[in-house]
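In terms of numbering that gives the first Met the number 0, the sequence shown opens at residue 0 and continues consecutively. Working notes, structure below.
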Amino acid sequence: MEKNETFTYKYSAKENEEAESIRRKYLPKEESKLETLKRLDAAVSRPANIFAFVFGSISAIIMGAGMSLIMTEIGEIIGMNAPLVPGIIIGIVGMIMALVNYPIYNSIIKQRRAKYSERILALSESICK
0 MEKNETFTYK
10 YSAKENEEAE
20 SIRRKYLPKE
30 ESKLETLKRL
40 DAAVSRPANI
50 FAFVFGSISA
60 IIMGAGMSLI
70 MTEIGEIIGM
80 NAPLVPGIII
90 GIVGMIMALV
100 NYPIYNSIIK
110 QRRAKYSERI
120 LALSESICK
């Protein structure tokens with residue numbers, strides 16, 4: 000008489016769920032239509048946001064440099080006899096940069112929307128139906 004000695008172990012539901020979540024990490028990802036739509040929407044606004052943050056920060060630094068030339072003794076320390084005029088000019092340049100930041104941001108957004116509008120509208124219509 001032959002004995003068939005095999006051992007079978009079944010994992011619990013919690014262990015199966017954990018194993019499945021690990022397995023999903025290694026499967027090739029398929030992007031859904033909604034994920035694609037979100038990615039395209041982010042592609043429209045991300046470059047404009049990055050520009051606005053960087054340009055706004057630079058303009059604030061320039062404006063602050065002009066203010067510090069006017070209000071402190073830094074101009075005299077670096078050898079300027081009359082730091083008031085250069086400080087005012089540098090501060091005004093920073094203010095102008097800060098003022099044009101929002102119109103530039105809007106123009107970047109308009110250009111990006113025009114570039115991606117067809118794809119976004121077609122994809123959103125296919126999702127909404």
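No residue lacks a Cβ here, since even glycine has one placed at the ideal position from N, Cα and C.
Exclusion of the five residues before and after P82 leaves L68, I69, I73, G74, E75 as the residues of its chain whose Cβ lies within less than 8 Å of its Cβ. Taking 3 residues as the shortest admissible run, the segment 4-30 contains no complete beta strand (DSSP E) segment at all. Within 10 angstroms of the beta-carbon of G78 lie fewer than 16 other beta-carbons, which makes it exposed. Residue nearest to I89 within the set M66, K109, N105 is M66 (criterion: CA-CA distance). When DSSP assignments are scanned along the segment 17-97, the uninterrupted stretches of alpha helix (DSSP H) that are 4 or more residues long and fall wholly within it turn out to be 32-70, 73-76. Cβ contact annotation for Y115 (same chain, cutoff 6 Å, sequence separation greater than five): L39, V43, in chain order.
For K114, the secondary structure class from DSSP, reduced to helix, strand or coil, is helix.
Inter-segment contact for the segment 95-107 and the segment 56-63 is present: three or more beta-carbon pairs are separated by less than 8 Å.
Counting the other Cβ atoms within 10 Å of the Cβ of G86 gives 16 or more, which makes it buried.
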